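Remarks on the structure that follows.
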Amino acid sequence: MTILPAGPDPVFAERFRAVSSRDARFDGLFITGVHSTGIYCRPSCPAATPKPANVSFYLTSAAAHEAGLRACKRCLPDAVPGSPDWDIRDDLAARAMRLISDGTVERAGVPGLARRLGYSERHLTRVLVTELGAGPLALARAHRAETARVLLTGTDVPITDVAFAAGFGSVRQFNDTIAAVYDRTPTELRRARPSGAHTGTDPVGTDPIGRESAQSVPSGTGIDLQLPARAPFDGVGVLRFLAARGLAGVEQATDARYARTLRLPAGPATVELTLSGTAAAPSVACRARLTSLADLAPLVSRVRRLLDLDADSRAIDLALGRDPALAAGIAATPGMRVPGSMDPEETLFRALIGQQVSVASARTALTRLAAALGDELVPGSDGDDAKNRGGGDGQGHGATGPGPTAAPLTRLFPTAQRIAAEGRGVLRGPAARIDAIIGVAEALCSGDLVLSYGQTREELETRLTALAGIGPWTAGYVALRVLGSPDILLTSDLALRQGAGRLGLPAEARQLARHGAAWAPWRSYAGMHLWRAAGATATPAQRDPSSGR
Numbered sequence: 011m012t013i014l015p016a017g018p019d020p021v022f023a024e025r026f027r028a029v030s031s032r033d034a035r036f037d038g039l040f041i042t043g044v045h046s047t048g049i050y051c052r053p054s055c056p057a058a059t060p061k062p063a064n065v066s067f068y069l070t071s072a073a074a075h076e077a078g079l080r081a082c083k084r085c086l087p088d089a090v091p092g093s094p095d096w097d098i099r100d101d102l103a104a105r106a107m108r109l110i111s112d113g114t115v116e117r118a119g120v121p122g123l124a125r126r127l128g129y130s131e132r133h134l135t136r137v138l139v140t141e142l143g144a145g146p147l148a149l150a151r152a153h154r155a156e157t158a159r160v161l162l163t164g165t166d167v168p169i170t171d172v173a174f175a176a177g178f179g180s181v182r183q184f185n186d187t188i189a190a191v192y193d194r195t196p197t198e199l200r201r202a203r204p205s206g207a208h209t210g211t212d213p214v215g216t217d218p219i220g221r222e223s224a225q226s227v228p229s230g231t232g233i234d235l236q237l238p239a240r241a242p243f244d245g246v247g248v249l250r251f252l253a254a255r256g257l258a259g260v261e262q263a264t265d266a267r268y269a270r271t272l273r274l275p276a277g278p279a280t281v282e283l284t285l286s287g288t289a290a291a292p293s294v295a296c297r298a299r300l301t302s303l304a305d306l307a308p309l310v311s312r313v314r315r316l317l318d319l320d321a322d323s324r325a326i327d328l329a330l331g332r333d334p335a336l337a338a339g340i341a342a343t344p345g346m347r348v349p350g351s352m353d354p355e356e357t358l359f360r361a362l363i364g365q366q367v368s369v370a371s372a373r374t375a376l377t378r379l380a381a382a383l384g385d386e387l388v389p390g391s392d393g394d395d396a397k398n399r400g401g402g403d404g405q406g407h408g409a410t411g412p413g414p415t416a417a418p419l420t421r422l423f424p425t426a427q428r429i430a431a432e433g434r435g436v437l438r439g440p441a442a443r444i445d446a447i448i449g450v451a452e453a454l455c456s457g458d459l460v461l462s463y464g465q466t467r468e469e470l471e472t473r474l475t476a477l478a479g480i481g482p483w484t485a486g487y488v489a490l491r492v493l494g495s496p497d498i499l500l501t502s503d504l505a506l507r508q509g510a511g512r513l514g515l516p517a518e519a520r521q522l523a524r525h526g527a528a529w530a531p532w533r534s535y536a537g538m539h540l541w542r543a544a545g546a547t548a549t550p551a552q553r554d555p556s557s558g559r
């Protein structure tokens, strides 16, 4: 038995116990630095347990790099689910990490990152070094190294192209970083991939939805990836949520598969997500076609956010399961997720159009909007292959026959510019609601309204509710989806309150809010259980008239 020094730090002691037992539940939550060997590992690394005196724990791989450590070749510590801290926390460090993982430093540099966060570069660097053990440049460098490893071990993209696709400014910088982090050259790292591994690159083949690639994303590149999820993972539940809202031409979804078009920084893309892995080690197979491989990092970040792959589901289920009203549902459906967002502006328009109407009505209106104003992605394609691979009844209840989301993927969701300019000719409903939607589109176009993964919940909700037509429900729902905020309970939602009543919980908003205080900091996940109990597949189907302004 390993004996820790007298009076150890309780956090150190807890982490060391996890390392000693090789507990995979902690993978991604922290990193183990072993100074006697000069490497850092995931907590579940099968190597012999080091002596406590030789160990330091880090929150990021960048901090381990700064300490002069390199990644373990045996356990690949960056090939794990990410830390849920960046969604749980709402502080500067967490918001910076959300933007860094989305590739902001590669696109705008550290000055751009600091501007997005509203702080000086000096203050930002000081906070990140204090909180995470590394500054923004080091954190971005570690992120680039992880992206490069994925490309080197999972694709046949030429090594020089990998360097620039991962965000490195030069091949020399790329070579030096890979050598420092992985103690191998890029060529050696590529040769070390498992024999027979599918490389996933498809520069001239078919795109993720089965059409000729030249018609989908011209000059794009196809790539296949496996994205690990933290167990337990209710993947079917999150895909049903997306299927219930699927827009023909933009999305396809079944209980096991979700595909869609989207905009990334370098251009349009298509992505197909399929549940894979095992119950103990769940994962999602991601097949994408990108305009530029430089969009790989933001794509992965947004997919992980969409499916909430990094949630600490064991901790969430344990906490919520203490409430007898939720215990049975949690036991039946462990690992429920809060679906995120791949495009904050799109999520806002969906929420605005979905206010005070059923999901089916909102989907009809949004599909009409996308058909009229969405940029066409595949001119002239009949999309037969995509149609054959589609499915779902559009409500996400497990049906696999043809439905609203079985149509071929042919267009992108409309931009704020198109909605502002042409939306009045397409939108239907009360004039006040149309005015609100157009007003939001104009505010996004002018820069008066900015939505960002790097915002705090308070900032995002304050900016939204300052606009006519946006009330607390809409602002809270957008914060829940865009920021992944874990502690939002939308008690004004009628379906959520109906679900609460079916579970024997208070169905009145104020009483439910008081009862739900005990669910903090996981009220967003409790809300998902209440929506499911309402028989709405986590569907905020109808709301009080007071939910919008």
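Per the numbering used here, the sequence shown runs over residues 11 to 559.
By construction, the Cβ of each residue, glycine as well, lies at the ideal position given by its N, Cα and C atoms.
It should be emphasised that the depicted structure is a prediction, and the values quoted were computed from it without experimental measurement.
Report yes or no: do the stretch 525 to 537 and the stretch 324 to 333 share at least 3 C-beta pairs separated by less than 8 Å?
As far as the Cβ criterion goes, the stretch 525 to 537 touches the stretch 324 to 333, which means the pair count is three or higher.
Indicate the three-state DSSP secondary structure (helix, strand or coil) for Thr197 in the structure shown.
Per DSSP, reduced to three states, the secondary structure at Thr197 is helical.
Taking 8 Å as the cut-off, decide whether the C-beta atoms of Thr135 and Gly145 are in contact.
Against a cut-off of 8 Å, the Cβ pair of Gly145 and Thr135 comes out as a contact.
Is the stretch 419 to 430 in contact with the stretch 267 to 286, if contact means three or more CB pairs nearer than 8 Å?
Counting Cβ pairs under 8 Å, three or more are found: they touch.
Could you compute how far the alpha carbon of Asp392 sits from the alpha carbon of Met352?
Low per-residue confidence applies at Asp392: pLDDT is 36, beneath 50, and the placement is therefore not dependable, though the value from the model is reported in the following sentence. Cα to Cα, Asp392 sits roughly 26 Å from Met352.
Buried versus exposed, by CB contacts within 10 Å (16 or more), Pro349
Pro349 comes out buried.
For the beta strand (DSSP E) containing Leu257, list its first residue and its last residue.
Judged by DSSP secondary structure, Leu257 falls outside any beta strand (DSSP E); it is assigned neither H nor E.
Between which residues of its own chain and Ala517 is the CB-CB distance below 6 Å, once the five residues before and five after are set aside?
Once the five neighbours on either side are set aside, the close Cβ partners of Ala517 are Arg507, Ala510 and Gly511.
Does the beta-carbon distance from Leu454 to Val492 come in below 8 Å?
Cβ distance not < 8 Å, so Leu454 and Val492 don't count as in contact.
May I ask you to report which of helix, strand or coil DSSP gives Asp234?
Asp234: strand per DSSP, three-state reduction.
Per DSSP, what kind of secondary structure is Phe174 in: helix, strand or coil?
Here Phe174 carries a helix assignment [DSSP, helix/strand/coil].
Beta-carbon gap between Ala451 and Gly479 smaller than 8 Å:
Result no, Cβ atoms of Ala451 and Gly479 do not sit closer than 8 Å.
Pull up the distance between the alpha-carbon of Glu198 and that of Pro354, whole angstroms please.
If I take the Cα positions, the gap works out to 39 Å.
To the nearest angstrom, report how far apart Val139 and Thr187 are at their CA atoms.
As the crow flies, the alpha-carbon of Val139 is around 20 Å from that of Thr187.
Inter-residue spacing [alpha-carbon to alpha-carbon] between Gly411 and Arg378
Here the model assigns Gly411 a pLDDT of 37, short of 50, so the residue's position is not dependable, and the following value carries that caveat. Taking the CA atoms as reference points, Gly411 sits about 22 Å from Arg378.
Can we say the stretch 332 to 341 touches the stretch 355 to 369, given the rule of at least three CB pairs closer than 8 Å?
With fewer than three CB-CB distances shorter than 8 Å, the stretch 332 to 341 does not count as touching the stretch 355 to 369.
Could you please give the first and the last residue of the uninterrupted beta strand (DSSP E) stretch that includes Ile41?
For Ile41, the enclosing beta strand (DSSP E) covers residues Ile41 to Val44.
How is the alpha helix (DSSP H) around Cys455 delimited, first residue to last?
Annotation for Cys455: the continuous alpha helix (DSSP H) segment containing it runs Ala441 to Ser456.
I believe Val294 touches Leu252 by the beta-carbon criterion, under 8 Å. Please report the beta-carbon distance rounded to the nearest angstrom.
Separation of the CB atoms of Val294 and Leu252 is rounded to 13 Å, and the pair is thereby denied contact status at 8 Å.
Beta-carbon proximity of Ala307 to Gly38, cut-off 8 Å
Not in contact: Ala307 and Gly38 (Cβ atoms no closer than 8 Å).
Give the DSSP-derived three-state secondary structure of Glu282 in the structure shown.
Strand, per DSSP.
Have a look at Ser93, Ala430 and Gln465 and flag the residue whose alpha-carbon is nearest the alpha-carbon of Leu69.
Residue Ser93 is the option with its Cα nearest to Leu69.
Please name the residue in Ala173, Arg108, Ala81 and Leu515 whose C-alpha comes closest to that of Gly43.
It is Ala81 whose Cα lies nearest to the Cα of Gly43.
Can you give the Cα-Cα distance for Gly598 and Ile49, rounded to whole angstroms?
The structure shown does not extend to residue 598, since the chain is modelled only from 11 through 559, so no value can be given for it.
Just to confirm my understanding: we take Arg25, look at its own chain, exclude 5 residues before and 5 after, and list those with CB closer than 8 Å. What are they?
Counting only residues of its own chain and dropping the five nearest sequence neighbours on each side, Arg25 has a CB closer than 8 Å to the CB of Phe36, Phe40, Thr42, Pro53 and Phe67.
When burial is assigned at 16 or more other CB atoms within 10 Å of the CB, is Gln427 buried or exposed?
It is exposed - the Cβ of Gln427 has fewer than 16 other Cβ atoms within 10 Å.
Residue interval of the beta strand (DSSP E) (run including Ile49)
Start and end: Ile49 to Cys51.
Under three-state DSSP, which class holds Ala381?
It is helical.
Alpha-carbon to alpha-carbon, Arg255 and Ile363:
If you take the alpha carbons of Ile363 and Arg255, they lie about 12 Å apart.
If distances are taken between C-alpha atoms only, which option among Val191, Arg194, Arg154 and Arg201 comes closest to Ser180?
When each option's Cα is compared against that of Ser180, the closest is Arg154.
So Gly345 and Ala241 are in contact, right, with Cβ under 8 Å, and what is the actual spacing, rounded?
Ala241 and Gly345 do touch by the CB rule: their CB atoms are close to 7 Å apart, below 8 Å.
Starting from Pro354 and walking both ways along the beta strand (DSSP E), at which residues does that stretch end?
That residue, Pro354, is in no beta strand (DSSP E); its alpha helix (DSSP H) goes Pro354 to Gly364.
Would you say Pro91 faces chain B, with C-beta separation under 8 Å as the test?
Given the protein chain composition of this structure (a single chain), no chain B is represented.
To the nearest whole angstrom, what separates the beta carbons of Ala361 and Tyr487, a pair I think is in contact under 8 Å?
Contact holds; Cβ gap of about 5 Å.
Kindly list the residues whose CB is nearer than 6 Å to the CB of Thr343, restricted to its own chain and excluding five residues on each side of it in sequence; keep chain order.
Excluding residues within five positions, the ones whose Cβ falls inside 6 Å are Asp244.
Ser31 versus Ala258: straight-line alpha-carbon distance, rounded
Their Cα atoms are separated by approximately 48 Å.
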